[in-house]
Amino acid sequence: MLIMAAVTHGRADLTWQIVELDPPGPGEVLVRLAASGICGTDRRVIDGTRHFALPGVIGHEGSGVVEKVGPGVSDLHPGEHVVLGWARCGSCPACLARATSYCEQTRRATEAGVRVFGPLSGHGAYRFPDGKHLGGHFFGQSSLASHTVVAASSLVPIDRRLPLAKLAPLGCGFSTAFHAVDDVIEPQPGANVVVLGVGAVGSAAIVAAKMAGAHVVAADRKPGKLQLAAQFGADPLAIEDPAELPNLLRNQLGRRPDAVVECTGNPQLAEAAAAAVGSRGVCALIGGSRAGTNISLDHNRLVWGKRVQGVLGAGDINRTIGRLANLCQDGSFPLDRLVQVYPSDRLSEALADQATGLVIKPVVLAPAISGEPNQL
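If you count by my numbering, then the sequence shown holds residues 1 to 376, one letter each, in order.
Here you go:
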């Protein structure tokens, strides 16, 4: 079938184009997309700083409606509303432990541009109308499109009464923050939790930590971000030099924090976060950085029971995304204050606003399948 999809060659370009999409194969589902969130990972592919099979269709924070199911799919039905999670193999130790975002094949599923699981492994479902190959299946999604084909195991059904388009970021950014707080640092009521970087992930981490009863300090260098953090109940902390972080936190808290959630991907801040956290504390590293980025840690400080742990995705997508959907439904998660929705013809504006931090989480509505390609 012919669909509209956002195609990049990794040269800071992104173009809505008409492309051809295969029908769903065994274990797969055709989803008519409602929207897709814009994430820094998408931007790195567009800018050519993250590997992907190019030219390709990107996007990995999708929400939509099941339109058709492939052979062997019995637990999903046309008309169901779904949030798209990441692809996973289902059989490695991480998947068996229900830590599906840590699947041993996650890197392949993000980069290969073809299916990496199931009977159609190695085959792509996307191509240009002239038959030329087009990379797809980004994180198993390629959600910046009108339609996509995904594994049924990657889909999380959600209540039809929820605002489908605004739920798109539950598949990555917001769920990553909740996984970091709920499953990694596990703060006790009254614990001191520091969040570094008040973007989409950092804002959600503040909300998650406050829900756990923690006292939260949010550090950023932009006054607007600090004002937002205060609205979410965090004590704002302005920081310019990462090396100042340990002393600033001791002055503000009177002691070292119990946990630090690093959301920027800045290696200097990651080092400062590990140095700042207290004895037996946890430093959770969420922010992505370029491949090959190294950090240096003081061994003598780590032996005081400190734990530095990387965080990738939602952990168990079904549990984390499902919980977030419930929190959106009862109003506990401030979705409307975090998400800005853009029509498809304002995709370039959404990308620019994400890059400059003008909005917390831009979400782009899926395009219609009509007209000529729209250069953005």
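All C-beta atoms, glycine included, are put in the ideal place defined by N, C-alpha and C. Please read these numbers as outputs of a predicted model, since none were measured by experiment.
About 22 Å separates the beta carbons of residue 14 and residue 1, which is beyond the 8 Å limit, so they are not a contact pair.
With distances taken between CA atoms, residue 72 lies nearest to 29 out of 80, 98, 59 and 29. When C-beta atoms of the stretch 203–216 are compared with those of the stretch 172–190, three or more pairs fall below 8 Å, so the two segments count as touching.
A distance below 7 Å between beta-carbons, with the five flanking residues on each side excluded, links residue 158 to the following residues of its chain, in chain order: 81, 82, 83, 167 and 325.
In this structure, the beta-carbon distance from residue 364 to residue 155 does not fall below 8 Å. In this structure, residue 214 and residue 238 do not form a Cβ contact; the two beta carbons are roughly 21 Å apart against a cut-off of 8 Å. In the displayed model, residue 237 falls within a strand according to three-state DSSP.
Counting C-beta atoms within 10 angstroms of its own C-beta, residue 100 has 16 or more neighbours from the protein chains shown and is therefore classed as buried. Secondary structure at residue 73: coil, using DSSP grouped into helix, strand and coil.
Taking one beta carbon from each stretch, the stretch 184–199 and the stretch 58–66 have fewer than 3 pairs nearer than 8 Å; the two do not touch.
Inter-residue distance for residue 153 and residue 222 is about 40 Å (C-alpha atoms, whole angstroms). For residue 338, the uninterrupted alpha helix (DSSP H) segment begins and ends at 335–338. For residue 61, the secondary structure class from DSSP, reduced to helix, strand or coil, is coil. Taking residue 70 as reference, the option from 302, 46, 45 and 118 with the minimal CA-CA separation is 118. Per DSSP, the unbroken beta strand (DSSP E) holding residue 215 starts and ends at 215–220.
The three-state secondary structure of residue 51, taken from DSSP, is coil. With a beta-carbon spacing of about 18 Å, residue 127 and residue 116 fall beyond the 8 Å limit used to define contacts. Within the DSSP secondary-structure output, residue 242 pairs in no beta bridge. Shown here for residue 94: same chain residues with a beta carbon closer than 6 Å to its own, the five before and five after excluded, namely 102 and 103 in chain order.
The secondary-structure analysis by DSSP pairs residue 262 across a beta bridge with 196 and 285.
Residue 287 and residue 79 have their C-alpha atoms roughly 35 Å apart. If only uninterrupted alpha helix (DSSP H) runs of at least 4 residues are considered, those enclosed by the stretch 312–353 are 317–329 and 335–338. One Cα belongs to residue 60, the other to residue 315, and the distance between them is close to 15 Å. Excluding five sequence positions before and after residue 290, the CB atoms of its chain that fall closer than 7 Å to its own CB belong to 49, given in chain order. Distance from the CA atom of residue 293 to the CA atom of residue 267, rounded to whole angstroms, is 7 Å. For residue 20, there is no enclosing alpha helix (DSSP H); the enclosing beta strand (DSSP E) covers residues 15–21. Per DSSP, the beta bridge partners of residue 309 are 284. In the displayed model, residue 185 falls within a helix according to three-state DSSP.
Each residue's CA atom was taken as its position, placing residue 140 and residue 241 some 38 Å apart. In the DSSP assignment, residue 121 forms no beta bridge with any residue.
According to DSSP, residue 127 shares a beta bridge with 20 and 133.
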